[in-house]
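For reference, the structure is listed below as structure tokens.
As structure tokens, this is what we get:
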């Protein structure tokens, strides 16, 4: 008995970084016109290990190797449920009380419902609005909200297709996205050791091999190698962690929550209160200074300004406070005796420090301080010497940097650039920082420093910018393909209010799902998923094999959906009828190529050796191509060994070329900046709009620090409607009303004080509003703080400041202020909240319409209640 | 004869096995092997999560569990079970109709709409179409789940959760007893203190010295009532009760004397 179990198989790179940086290569089987299964790609169908210069790192008989099958995460394995989600937008929609020729009712955004319209109607309205606004206000009153993580497509790029069209009609107002998952490194560490453009150690070749040879322990500081790497590159980080254990490399986790890596790999877990790492770091420095256990010779030859840091630690400066372990224990929640033990362990071992982005360590208020402090400590340990480096367990080879990869290097780092139709990194003005969008819309005047986007050198942070449009020429239209600002950025409730600004004539959203900021749109275009398109892609994040892929179309478009590229093409055609500036726009936008033409161009320009002559038909038949490991990978210098051995010949990119404990640049450019002064410090007092210490008077009303990690079962706001993720205890908590609440972790000690038990529904609240969560009483979280992943789908009972969100989208109640006054980064972790038990059945009686919206017990929120019959 | 071998110490809890099983069977029927599985509610492969210990000695252990595939279920099912030559079994969706009684077996679920019991088929439809392993095993990144001939899997010392099943385990979690010895007068952890784990009958089950963090950790000990007896050099020994019959025990940061 045998039955055919698939009709065809296509390759899909199901990574979620976006920006044309593909990952998570998988095999997608199709049967009877539906996606039957998503599974690892078995590389050995085309390659033998010897074809690939197969690498191995071996110690004590334990081998780390890339393997011959990909390691997709569950976010990819389950991904067909996003295509088949009941939350898909089926057809174009128009807000019922938005009339482009009459009353626009901006005050009702987020409240009023939608009616079905046709693609032709929608595109005609959109074209007319673009024309009108461009005529009246010029091109820069149309703000393209175009960046963002999510599906990583190329021709059909999920983010930025509209920017290329608007650029052809005279330009647009750009959104500059700051490095939201590594804020502190960008704003802080770069001023200590350069490492442009990232701030983390970007010269990490062969660090994993170096660890096998020289390192005793890896400190995972605020890092979770079992969560954040998933959306970016799969599960190689897990294999590395197990292998560290196998070869005797101890893993010490420093984080408030027992994150998913710590849960299975930690030899030691040091729970530290959210965003108090600076106190812990200072106390470690104090132990090393008082016991003389740091690399004094290295500090003398490899750094400048150490005396000023030493004075601060020892209380010999104006501050006058000695940063002893006892001083730190009170602030960071780690007992003084454990701080000393940790400091001495570190001083007597070769330790490398690993990061995975996200978390309170690097996304909270003043995040530049813990980042700078870490580099200070690494300097005291002689960073660059064998066994001592900083490295990432995620984002290998990001931004086309072959040096930013601790694993054996590949011979080719391929790119989708030739076919990429998404947003490009255009630095020309005008632009506004993404963190300042609500202020831009409502106050219509901004000042800030730097382009703020990832990928730029440190000196950019010293350039002042301002944006002050002429009256009436502020943001008049938003064209968004990333409608999740309010549950991914900071102060979402403020953003919601900005969406109702009376001068904001038109909000256009194109998106596959009815979620989050989509319901603040005036017109919604339904776009589709990667299964519904044919495309070109790369996998450059796995740590296994760099690959290029021809991605066949798996299934027909669902409903009336089109790809993002096709949707913008339709708008281009509608604009053409106005002639003039818009003449021949479709031809100009597509450059006369059909989709296959773009795919072939992408293939030929991908970085393959024989691009112009390579057999494209054969590539399509093969579906993917892997690139072998570099022949000389073992000979490449290990991490920062060059700087360690000769800092003069191999300087850092700081002004002095050395590690700068005191930054002369910061002292000169920002003499009045007390948050990011020339030497990093512990900031206890309210400053630059932040007042979120447990010692603050605010903590009387809001006594807990909230940990809002990058989510385990989502990538930011993606994936929240996948039913299979709702069935784990860590996925969702079912309330007494059958609703799936976002888990809220509470330590048993705090739960007892609060009268909470497993399964209760609780509100997290502060002056900015409240969000709900399903209580999990757990030893996963230390006392004094509570934890709820960020990015849950919004389900607003009341929008705006002071509002209530049932979905648990805690970004809505984050502080609005940026990292600090001269750093336009986001602050989305480690802020004060109150926690109280609520009775959802009683609450529902007060607002029956909002609480009674259409809801699917498996998928969660569905758009049915938002759509009315025309 | 085929079997599954699951190494619990290698399971990272990613849930790929549980998800892949649903990806394969929810919304798709593979008759005559398997009827469609409802979108949610059934777990032919299910990863159990155990949160163990207390802050800061918390750990999580994941135990993947595969339903069906046992002699007892096959015997109870009689004609409703299809016994394959490779040793796997599945419930025949036709012949098992109405057999709600079979849901008393671990991992067997009742499909109300179809009026059939459903459980793991070992992905027999895939094996018969040329696959070497079922979906759960194919999707496992760490090779915690393996599938193959009994002779090749080396089941020596492996254990079962269900006797007479095709599912074998290594490193099933037992208990740990842990703590940290601190000299609270000196505000220092105590390194090198002698620590004994003593059974109810007074036998020393294990002994170790506290490490550089003052910690001791008796791992993979049998569930039982114990005493922890430790002695810091030059000071009196101290004793703590550690009832590890039901849960792992962290006695916390305890005084040197």
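Protein chains in written order, with this note's numbering: chain A, 1461 to 2330; chain B, 570 to 826. Where a beta carbon is used, it is the ideal one built from N, C-alpha and C, also for glycine.
Is residue i close to chain B, meaning its C-beta is less than 8 Å from at least one C-beta of that chain?
i, result
"residue 1724 of chain A", "yes"
"residue 2238 of chain A", "yes"
"residue 2137 of chain A", "no"
"residue 1798 of chain A", "yes"
"residue 1730 of chain A", "yes"
"residue 2084 of chain A", "no"
"residue 1715 of chain A", "no"
"residue 1411 of chain A", "Past the boundaries of the shown model lies residue 1411 of chain A; chain A is included only from 1461 to 2330, so the question cannot be answered."
"residue 1992 of chain A", "no"
"residue 1508 of chain A", "no"
Using a Cβ-Cβ distance under 8 Å, would residue i count as near chain A?
i, result
"residue 573 of chain B", "no"
"residue 785 of chain B", "no"
"residue 782 of chain B", "yes"
"residue 812 of chain B", "no"
"residue 589 of chain B", "yes"
"residue 584 of chain B", "yes"
"residue 802 of chain B", "no"
"residue 722 of chain B", "no"
"residue 608 of chain B", "yes"
"residue 817 of chain B", "no"
"residue 605 of chain B", "no"
"residue 624 of chain B", "yes"
"residue 632 of chain B", "no"
Tell me which same chain residues have a C-beta within less than 7 Å of the C-beta of residue i, skipping the five on either side of it?
i, result
"residue 657 of chain B", "571, 638, 691, 693 and 735"
"residue 1920 of chain A", "1910 and 1911"
"residue 1545 of chain A", "1973, 2181 and 2319"
"residue 783 of chain B", "749, 750, 751, 758, 759 and 760"
"residue 2048 of chain A", "1628"
"residue 1550 of chain A", "1986, 2019 and 2020"
Take residue i and list the residues in its own chain whose beta-carbon comes closer than 6 Å to its own, dropping the five residues that flank it on each side.
i, result
"residue 1667 of chain A", "1849, 1851, 1866 and 2099"
"residue 1436 of chain A", "There is simply no residue 1436 of chain A to check, as chain A begins at 1461 and stops at 2330 in what is shown."
"residue 1924 of chain A", "1909"
"residue 2243 of chain A", "2207, 2209 and 2210"
"residue 1936 of chain A", "1593, 1597, 1601 and 1965"
"residue 1516 of chain A", "1523 and 1525"
What does a CB cutoff of less than 8 Å around residue i pick up in its chain, not counting 5 residues either side in sequence?
i, result
"residue 2054 of chain A", "none"
"residue 1588 of chain A", "1560"
"residue 2296 of chain A", "2214, 2222, 2223 and 2225"
"residue 1741 of chain A", "1830, 1833, 1834, 1836 and 1837"
"residue 2064 of chain A", "1878, 2071, 2072, 2074 and 2076"
"residue 581 of chain B", "631, 710, 711 and 713"
Compute the beta-carbon to beta-carbon distance between residue i and residue j, rounded to the nearest angstrom, for a pair I have assumed lies under 8 Å.
i, j, result
"residue 2014 of chain A", "residue 1472 of chain A", "7 Å"
"residue 1954 of chain A", "residue 1874 of chain A", "Not confirmed; about 41 Å, so no contact."
"residue 1894 of chain A", "residue 1929 of chain A", "Not confirmed; about 18 Å, so no contact."
"residue 1738 of chain A", "residue 1833 of chain A", "5 Å"
- Item | alpha helix (DSSP H) segments (min. 4 residues) lying fully within the region 1596 to 1657 of chain A | 1621 to 1628 and 1650 to 1653
- Task: Could you say if the region 1813 to 1825 of chain A and the region 2168 to 2188 of chain A meet the contact criterion of at least three C-beta pairs nearer than 8 Å?
- Result: yes
- Message: Count Cβ pairs between the region 702 to 717 of chain B and the region 2286 to 2304 of chain A that sit closer than 8 Å; are there 3 or more?
- Response: Verdict: no, contact absent.
- Counting Cβ pairs closer than 8 Å, one from the region 1872 to 1885 of chain A and one from the region 1602 to 1621 of chain A, do we hit at least three? yes
- Message: With three or more C-beta pairs closer than 8 Å as the rule, is the region 1801 to 1817 of chain A touching the region 1743 to 1753 of chain A?
- Response: Yes, since at least three Cβ pairs between the region 1743 to 1753 of chain A and the region 1801 to 1817 of chain A fall closer than 8 Å, the two stretches touch.
- Item | Uninterrupted beta strand (DSSP E) stretches inside the region 2191 to 2248 of chain A (no shorter than 3 residues) | Counting only runs of 3 or more, we get 2203 to 2206, 2221 to 2226, 2229 to 2237 and 2245 to 2247.
- Item | Touching by the beta-carbon criterion (3+ pairs, under 8 Å), the region 1966 to 1981 of chain A and the region 1940 to 1953 of chain A | yes
- Check each residue of the region 742 to 770 of chain B: if its Cβ is closer than 7 Å to any Cβ of chain C, include it; give the result in chain order. You won't find chain C in this structure, because its protein chains are A and B.
- Query: Of all the beta strand (DSSP E) runs that stay within the bounds of the region 574 to 662 of chain B, which reach a length of 3 or more residues?
  - Reply: 614 to 621, 628 to 635, 650 to 652 and 658 to 660
- Message: Just to confirm the assignment: which complete beta strand (DSSP E) runs, minimum length 3, are found wholly within the region 1494 to 1548 of chain A?
- Response: If we require 3 residues or more, the beta strand (DSSP E) runs fully inside the region 1494 to 1548 of chain A come out as 1494 to 1500, 1517 to 1519 and 1522 to 1524.
- Query: Just checking, does the region 1718 to 1731 of chain A make contact with the region 627 to 646 of chain B on the three C-beta pairs under 8 Å criterion?
  - Reply: A contact exists between the region 1718 to 1731 of chain A and the region 627 to 646 of chain B.
- Query: For the region 663 to 681 of chain B against the region 605 to 620 of chain B, are there 3 or more C-beta pairs whose distance is under 8 Å?
  - Reply: yes
- Item | Segment contact, 8 Å Cβ cut-off, at least three pairs: the region 2110 to 2128 of chain A with the region 1767 to 1775 of chain A | yes
- Query: Does the region 1533 to 1540 of chain A come close enough to the region 584 to 598 of chain B to have 3 or more Cβ pairs within less than 8 Å?
  - Reply: The region 1533 to 1540 of chain A makes contact with the region 584 to 598 of chain B, as at least three CB pairs between them are under 8 Å.
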